[in-house]
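Peer 1: Pasting in a structure now, in structure tokens, and then I'll have a few things to ask.
2 protein chains.
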Amino acid sequence: MTRPPDTTDQIAKRRGLYWPSFEIYGGLSGFYTYGDPGTKLKRNIEKTWRDYFVRRQGFLEIEDPIINPEKVFRASGHLDHFKEHSTECTRCGRTYRADHLIEEKTGLENVEAMGPEAIRTLLRQHDVRCPHCGGPLNDPVLILTMFKTEIGATGGETGYARPEAAQGMFTNFRRAYLHAREKLPFAIAQTGKVLRNEISPRRGMTRVREYTIMELELFFDPQNPTCPWLHDVADEPIKLLTEDMETRGEKTPLETTISEALRNGQILTEWQAYFMGVSKRFVTHLGVPPDRQRFRAHLPAERSHYSAQTHDHEVHLENYGWLEVAGHAYRTDYDLRAHQQGSGEDMTALREDGTRFIPHVVEPSFGLDRLFIAALETSYTVRDKRNVLSLPRDLAPYQVSVLPLVTKDGLPEKAREVHEALLDAGIIAAYDESGSIGRRYARSDEIGTPIAVTVDYDTLKEDTVTLRDRDSWEQVRLPIKELACRLRAYFDYKLDFLGLGEKI
Amino acid sequence: MTRPPDTTDQIAKRRGLYWPSFEIYGGLSGFYTYGDPGTKLKRNIEKTWRDYFVRRQGFLEIEDPIINPEKVFRASGHLDHFKEHSTECTRCGRTYRADHLIEEKTGLENVEAMGPEAIRTLLRQHDVRCPHCGGPLNDPVLILTMFKTEIGATGGETGYARPEAAQGMFTNFRRAYLHAREKLPFAIAQTGKVLRNEISPRRGMTRVREYTIMELELFFDPQNPTCPWLHDVADEPIKLLTEDMETRGEKTPLETTISEALRNGQILTEWQAYFMGVSKRFVTHLGVPPDRQRFRAHLPAERSHYSAQTHDHEVHLENYGWLEVAGHAYRTDYDLRAHQQGSGEDMTALREDGTRFIPHVVEPSFGLDRLFIAALETSYTVRDKRNVLSLPRDLAPYQVSVLPLVTKDGLPEKAREVHEALLDAGIIAAYDESGSIGRRYARSDEIGTPIAVTVDYDTLKEDTVTLRDRDSWEQVRLPIKELACRLRAYFDYKLDFLGLGEKI
């Protein structure tokens, strides 16, 4: 298997997975639209995340507004810290992220973490210029990158679109604490849109201004930091770039396990270790091979203002290099303390001995759109010069495609009957009668549909259909009356393809 | 059954369904937060909508950004028309919707539809004053009620948060048309957040600034307006207030059927009629009795700028009166034509005879948060002075609650085992050991959990548990090893409660 000749961007556009938004108005950088299969794949990834991180543990979920009043972000520190290094071309007036321009010119990594002084110096040292017109650039300044608005049509209160979902879990901590019957540990999860008003997003789907986050805040007592499920993932192997290794400039990650990294103090808390283990398994479930995954510790200057330790979960993609798909942050009591101070409301929890304390927080935070790209990129393969999207069967946008062999002699009518019956039975089925059968198989494979159901002349005689496997191209034959039931067993992973019917 | 002594708002807050957002910062009108059971109920309603309107028909879904550049809303007409009548108190400076103040003072309905002149006159005639300080009010002015922002951290392009999802379906029409192999009719659906910068929202959860919309645009050829599924809902009885009836001031709706209303020209197109029939069934599925539902035609002055006919689907709630939960609009070719003009891009479809035309559009648009309130309000009942939320079993936030009879003698440990096994089996199970068993039953009923599973002393001896029905309070006993499997059958509506085990 080699890489496909088309980029995933091209295939995504052709097959309707995603494309740049507002195309008819010339586009707008940093915004993407998901088409029908994209919407379905995205929803399947979200469902899988919920299975791994929320449902099984019985954690809580909330939904908090996207627009928040300014005081929330003043208290949280975002008004002071949620900024990027902006530089303006003195000739054409375009603005850019100074650190990204330096990275592109020098090959340096994580320039942002070096701080404003170093960035100004590097910009001058390497004579970085406007990528558009070649003009000289102004000294970088820090610019707030939240979307700002006025709440109330006649104005009155300044608001911002949230750049993370987490503040909703902190500002609503007390309600969730009551719901959890005032017992720690518990977690609040939230999925939803977040917006970051990037200065000049230029890296396709991996750096967008509006995206979906899947975030979880685990609240625990620092005097009782035990995670009861740690043993579930204790032996999970991980590749880890520690803070020390990064300081020394080492590039080859340590091969260790969750429990070992915890024992050696490379991961600070049991809860972080647990979620990193679950994270590894979740991303593997999405089809990303373990050898393309690593955890990378943030250097102190790189960490967000709230974090005592952060590990990025990164995946290696041919088109994007190492890409962060999740951040595992130890936020300590920073946020609850900040909101206690900002609001004057009590944010403490009660120990059995009667003492009060502000809970500590561990946060696994996933970028859903980046997981989407990771799942796409790692599942695209080429077979006989055709693109095949070998997604795990429970992620595939469509479960089956129904295809009449030809569009005459009553075959389309019969195929539509089969299609409707599958829809009725709850199977996600596509129907396609346009073009040759070979072309339709190719289309079905390219969008990752695990099984193609073909209605042919024998169908009219025997009421049987042919099923074709996306990956092996093997075929089996089975009676229509068993189709829905068998397909359900297949998609519950209770059957292999050849168990579906009689091999032909 | 009578109404509960508590309002749904009170129960919702106590049980964590929803509450006003940003409480610790004094709140912000028009924003609500969903807690854990609320998030789950909301997701179940969305899933049911998808079953009724998208999945079964094989329609397309997309996900388009919330933030749109100004040119989208200039072309769509929103910049000119998406406005409300604002009036300001000359004494305290507070702003209000003039038409709402008039409605509150006079009992008149739909004052907005009367137009700016009439509103100014009514305000003076009835001497409407500031509800806060009693001060005199300025003449109303029309104010744009979209949230405005700058795209790009250093500014540059004005953007707005979308007030409806529909524009995404229009601006992406061509991609979906290609995906549908250039054949009409087809539909594009979208769920997601929309924002309306209401001047002064003062009607709780029914008038909010940020909410979730479930919208669908059906594109068809006006020369071939047939809906192939019309017969599915042709006989569905509906109550209808027609334009004529409203003009005459009649209050008692016509009792008719979908096909009759279509035949009599009261509904203009087959597709509208079809979706109105599906709408009736969907809202009934959510637990709203047919006699609390009606369709009300908009008068011409009330209709949105894009609509040739609109029927609101309204439900009657004790606390809110008649509440719009959906709008069924015949948008004609207004939007596609507007974007063709605004963008210069071709928005036509091709007939088999080679002629080109701009497709017409029918739109059913649901407010998810209002359906949520409707489902809550109509399912709350009182039994023995306790609140019981008699939600349809497939909507309930939690499927079962697991309760140890007492918190000693190993019962909590056994109950936690049962709880974990149910979670493993994919059942949405809550666990509760706090307070007396009677109190926990009450809590379980109040949040609408269909079945309570009690672990008692016999459980330790016989490995059986007691199941208690939320609505009848009947109890059955069954072996733990059959529990998950039987519960699954129950939640698939394949079993009645008494079919779950042996009655006790």
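In the order they appear, the protein sequences are chains V and D.
The first sequence runs 0 to 503 under numbering that gives the first Met the number 0.
The second sequence runs 0 to 503 under numbering that gives the first Met the number 0.
Cβ coordinates follow ideal geometry from the N, Cα and C atoms, glycine included.
Under the rule that 16 or more other beta-carbon atoms within 10 Å means buried, what is P200 of chain V, buried or exposed?
Peer 2: That one is buried.
Peer 1: Quick one: which chain V residues come within Cβ less than 8 angstroms of V505 of chain D?
Peer 2: Residue 505 of chain D is absent from the model: chain D starts at 0 and stops at 503.
Peer 1: For P3 of chain D and chain V, any beta-carbon pair shorter than 8 angstroms?
Peer 2: Reliability fails at P3 of chain D, whose pLDDT of 49 lies under 50, so the model's placement of it is uncertain and no value is given.
Peer 1: Going along the chain, which unbroken runs of the alpha helix (DSSP H) with 4 or more residues stay wholly within the region 418 to 487 of chain D?
Peer 2: As far as the region 418 to 487 of chain D is concerned, its whole alpha helix (DSSP H) runs of at least 4 residues are 436 to 445, 456 to 461.
Peer 1: Buried or exposed: which applies to P135 of chain D, given that a residue is buried once 16 or more other Cβ atoms fall within 10 Å of its Cβ?
Peer 2: Exposed, by the Cβ-count rule.
Peer 1: Restricting to Cα atoms, I'd like to know which of V:R385, V:A483, V:F365 is closest to V417 of chain V.
Peer 2: Among V:R385, V:A483, V:F365, the Cα nearest to that of V417 of chain V is on V:A483.
Peer 1: Please determine, among V:F72, V:R90, V:S471, the residue with the shortest C-alpha to C-alpha distance to G133 of chain V.
Peer 2: Closest option to G133 of chain V, Cα to Cα, is V:R90.
Peer 1: Identify whether M213 of chain V lies in helix, strand or coil by the three-state DSSP scheme.
Peer 2: Here M213 of chain V sits in strand by DSSP.
Peer 1: Who are the Cβ neighbours of H80 of chain D in its own chain at under 6 angstroms, not counting the five residues just before and after it?
Peer 2: The answer, listed in chain order, is H304.
Peer 1: Under a CB-based cut-off of 8 angstroms, is F65 of chain D close to chain V?
Peer 2: Contrary to the premise, residue 65 of chain D reads as Ile rather than Phe in this sequence. Interface residue, yes.
Peer 1: Taking CB distances under 8 angstroms as the criterion, tell me whether A488 of chain D reaches chain V.
Peer 2: By this cut-off, A488 of chain D is not an interface position.
Peer 1: In chain V, which residues lie less than 7 angstroms from E209 of chain D when you measure between Cβ atoms?
Peer 2: By Cβ distance, chain V contributes P64, I65, I66.
Peer 1: Can you confirm whether F274 of chain D, when its beta carbon is compared against all beta carbons of chain V, has any partner nearer than 8 angstroms?
Peer 2: F274 of chain D does not count as touching chain V.
Peer 1: Applying a beta-carbon distance threshold of less than 8 angstroms, which residues of chain V neighbour H338 of chain D?
Peer 2: Going along chain V in sequence order, the residues near H338 of chain D (Cβ under 8 angstroms) are I23.
Peer 1: Mark Q9 of chain D as exposed unless 16 or more other C-beta atoms lie within 10 angstroms of its C-beta, in which case mark it buried.
Peer 2: Answer is exposed; the Cβ neighbour count stays below 16.
Peer 1: At a Cβ cut of 9 angstroms, what residues of the region 362 to 390 of chain V count as close to chain D, listed as they run along the chain?
Peer 2: Going along the region 362 to 390 of chain V in chain order, one finds no residue with a Cβ nearer than 9 angstroms to chain D.
Peer 1: What does the Cβ neighbour count give for E60 of chain V, buried or exposed, with the cut at 16 atoms within 10 Å?
Peer 2: By the 10 Å Cβ count, E60 of chain V comes out buried.
Peer 1: Taking Cβ positions, are F72 of chain D and M145 of chain D nearer each other than 8 angstroms?
Peer 2: Contact flag set, yes.
Peer 1: Could you check whether the Cβ of G151 of chain D sits closer than 8 angstroms to any Cβ belonging to chain V?
Peer 2: Yes, because at least one Cβ of chain V sits closer than 8 angstroms to the Cβ of G151 of chain D.
Peer 1: Which residue's Cα is closest to the Cα of H178 of chain D: V:E473, V:A429, V:P449?
Peer 2: Per the Cα distances, V:A429.
Peer 1: Quick one: give me the first and last residue of the beta strand (DSSP E) that L177 of chain D is part of.
Peer 2: Looking at the DSSP string, L177 of chain D is not in any beta strand (DSSP E); the run it does join, the alpha helix (DSSP H), is 172 to 178.
Peer 1: Given a cut-off of 8 angstroms, decide if E245 of chain D and A296 of chain D are closer than it, judged by their beta-carbon atoms.
Peer 2: Yes, they are a contact pair.
Peer 1: Excluding the 5 residues preceding and the 5 following T1 of chain D in the sequence, name in chain order all residues of the same chain whose CB lies nearer than 6 angstroms to its CB.
Peer 2: Residue placement at T1 of chain D cannot be trusted, given a pLDDT of 49 that sits under 50; the coordinates are not used to answer.
Peer 1: Since E242 of chain D is in the alpha helix (DSSP H), which residue starts that stretch and which ends it?
Peer 2: Here the alpha helix (DSSP H) through E242 of chain D covers 242 to 246.
Peer 1: Could you give the residue range of the beta strand (DSSP E) that holds T157 of chain D?
Peer 2: Where T157 of chain D is concerned, the enclosing beta strand (DSSP E) stretches over 156 to 160.
Peer 1: In the DSSP assignment, find the alpha helix (DSSP H) that holds A296 of chain V and state where it starts and stops.
Peer 2: Per DSSP, A296 of chain V belongs to no alpha helix (DSSP H); it is in the beta strand (DSSP E), 292 to 296.
Peer 1: Provide the residue span of the beta strand (DSSP E) that contains G320 of chain D, from first to last.
Peer 2: Its beta strand (DSSP E) spans residues 320 to 331.
Peer 1: Find the nearest neighbour of E323 of chain V within the set V:H310, V:E317, V:Y333, V:D334, judged by alpha-carbon distance.
Peer 2: The residue with the shortest Cα to Cα distance from E323 of chain V is V:H310.
Peer 1: When we look at the beta-carbon of E269 of chain D and count the other beta-carbons within 10 Å, is it buried (16 or more) or exposed?
Peer 2: Counting Cβ neighbours within 10 Å, E269 of chain D comes out buried, since at least 16 surround it.
Peer 1: Taking only runs of the beta strand (DSSP E) that begin and end inside the region 17 to 97 of chain D, which ones reach a length of at least 3 residues, in chain order?
Peer 2: Those beta strand (DSSP E) runs which fall completely within the region 17 to 97 of chain D and span 3+ residues are 17 to 19, 31 to 33, 66 to 68, 82 to 87, 94 to 96.
Peer 1: How big is the Cα-Cα spacing for R195 of chain V and I65 of chain V?
Peer 2: Using only the alpha carbons, I get a separation of about 12 angstroms.
Peer 1: For L107 of chain V, collect the residues of the same chain with a Cβ closer than 8 angstroms to its Cβ; drop the 5 residues on either side in sequence, then sort them by chain order.
Peer 2: Hits under 8 angstroms: I101, L121.
Peer 1: Does Y511 of chain D come within less than 8 angstroms of chain V when only Cβ atoms are used?
Peer 2: No answer is possible for residue 511 of chain D: the residues shown for chain D start at 0 and end at 503.
Peer 1: Which one or two residues does DSSP pair with S199 of chain D in a beta bridge?
Peer 2: Looking at the DSSP assignment, S199 of chain D forms no beta bridge with any residue, so it has no partner.
Peer 1: List the residues of chain V whose Cβ lies closer than 9 angstroms to the Cβ of T157 of chain D, in chain order.
Peer 2: By Cβ distance, chain V contributes nothing, its closest Cβ being about 11 angstroms from T157 of chain D, past 9 angstroms.
Peer 1: Given a threshold of 16 other Cβ atoms within 10 Å of its Cβ, counted over all protein chains shown, does K493 of chain D qualify as buried or as exposed?
Peer 2: The residue is exposed, with fewer than 16 neighbouring Cβ atoms inside 10 Å.
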